[in-house]
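**Student:** Below you will find the structure I want to go over with you.
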Amino acid sequence: MLGFVKRDIQVIQKFLDRGAQLTEQQAIWWAAIQNIYEQQRYMYDNHTHSVQDRIVSFHQPWLRPIVRGKAKASVEFGAKFDMSLDQGIARLEYSSFDAYNESDILISTIRRYYDRHGNYPERVLVDKIYRNRKNLNYCKQRGIRLSGGCTGAPEKNKIRDKTIDEQDNADRIAVERGFSQLKSCFGADLITTKRKDTTLSNIALSVLTLNLSQLTTDALHQMLSNVFKSRQIKNWTLYFSFFTKFTIIQ
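Counting in the UniProt record's numbering, the sequence shown runs from 1 upward without gaps.
Structure below.
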């Protein structure tokens, strides 16, 4: 099969050498064809099933296989993104089609927090993968508490307050819930756009919609709270009916 592909590539190259012109889209396809052939040839000659920056889609050559190790799918294809939650507002910190280490994004995320507020956060709630020595030292120098236990052997005669970890884990559920809502309610679980830029825009719009939903919910909560405080509504049945109807609209 590789021999036939090589033959066809040589035929097309002859036409190009004679002055044939490709459209912009055809030039992208032509580059993808050559890269796919070179990768497949390398894997065949070296008896391997992996290659750096492997192309898995002809029409979307920017897609990369990302090993996730999940029960549903050990390998996923598509964009990977990091999202933070600050005062209930979700922010898209980084997105890429290439596999990257999430821990490298933490410092830049904290710096952007400082730019917004003029001070560093008291604590940062993260997964274990973010707790490397570089991030721990960065946070320690700035008086930031990174959630989770300390690295290395525990200090003697020092008892860690487990209630702190329990509270951190409980509070960190908010961002996990945000990811769940993005997938189940706002389209991040099934993105059908074919272009690289439109796919990334779709992810950003999902995060924007999540924030609009949260702001709307907060506004409704504040409005109902003010109404009940002023005792303008005494019929609790009316209140629950109104709230349920709003939830359905959401």
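All C-beta atoms, glycine included, are put in the ideal place defined by N, C-alpha and C.
Please go through the same chain and pick out, in chain order, the residues whose beta-carbon is closer than 6 Å to the beta-carbon of Thr109, but skip the five residues on each side of it.
**Tutor:** These residues qualify, in order along the chain: Ser84, Glu93.
**Student:** Three or more beta-carbon pairs under 8 Å between the segment 2 to 13 and the segment 25 to 39, yes or no?
**Tutor:** These segments touch.
**Student:** Can you list, in chain order, the residues of its chain whose CB lies under 8 Å from that of His221, leaving out five sequence neighbours each side?
**Tutor:** Closer than 8 Å at the Cβ level, and outside the excluded window around His221, lies no residue.
**Student:** Could you check whether Asn132 and Ser95 sit closer than 8 Å to each other, using their CB atoms as the reference points?
**Tutor:** No, they are not a contact pair.
**Student:** Nearest-angstrom Cα distance between Leu215 and Asp171?
**Tutor:** C-alpha separation (whole angstroms): 19 Å.
**Student:** Rounded to whole angstroms, what's the CA-CA distance from His49 to Ile107? Just pull it up for me.
**Tutor:** Computed Cα separation, rounded: 35 Å.
**Student:** With burial defined as no fewer than 16 other Cβ atoms inside 10 Å of the residue's Cβ, what is the status of Thr193: buried or exposed?
**Tutor:** Exposed is the call here.
**Student:** Going straight from the alpha carbon of Asn119 to that of Asp98, what length do you get?
**Tutor:** Computed Cα separation, rounded: 32 Å.
**Student:** Over the uninterrupted beta strand (DSSP E) stretch that includes His91, give me the two end residues.
**Tutor:** The sequence given here places Arg at residue 91; His does not occur at that position. 89 to 96 is the span of the beta strand (DSSP E), which, as asked, contains Arg91.
**Student:** Can you give me the Cβ contacts of Ala90 inside the same chain, cut-off strictly under 7 Å, excluding the 5 residues immediately before and after it?
**Tutor:** Excluding residues within five positions, the ones whose Cβ falls inside 7 Å are Met83, Gly178, Val207, Leu210, Asn211.
**Student:** Tell me the DSSP bridge mates of Phe77?
**Tutor:** For Phe77, which the question treats as bridged, DSSP gives the partners Pro65.
**Student:** Applying the 10 Å Cβ sphere with the 16-neighbour rule, what's the burial state of Gln25?
**Tutor:** So Gln25 ends up on the exposed side.
**Student:** So, for Val56: in the same chain, excluding its five sequence neighbours on each side, which residues have a beta-carbon less than 8 Å away from its beta-carbon?
**Tutor:** Result list for Val56: Leu63, Arg64, Pro65, Phe77, in chain order.
**Student:** I'd like to check one pair, Arg112 with Arg145: are the Cβ atoms closer than 8 Å?
**Tutor:** The answer is no: Cβ separation not under 8 Å.
**Student:** Considering Cα atoms alone, identify which of Gln60, Cys139, Pro61 is closest to Val126.
**Tutor:** Cα-wise, what sits closest to Val126 is Cys139.
**Student:** What is the residue span of the alpha helix (DSSP H) that Leu210 lies within?
**Tutor:** That run of the alpha helix (DSSP H) goes 196 to 229.
**Student:** Which value, in whole angstroms, describes the spacing of the CA atoms of Lys162 and Lys128?
**Tutor:** Lys162 and Lys128: Cα-Cα distance of roughly 16 Å.
**Student:** Give the straight-line distance between the Cα atoms of Ser201 and Asp218, rounded to the nearest whole angstrom.
**Tutor:** Taking the straight line from one Cα to the other gives about 26 Å.
**Student:** Less than 6 Å between C-beta atoms, sequence neighbours within five positions excluded: which residues of the same chain meet that for Pro61?
**Tutor:** Excluding residues within five positions, the ones whose Cβ falls inside 6 Å are Ala32, Ile55.
**Student:** Is it buried or exposed for Ile173, if we count other Cβ within 10 angstroms and need 16 for buried?
**Tutor:** It is exposed - the Cβ of Ile173 has fewer than 16 other Cβ atoms within 10 Å.
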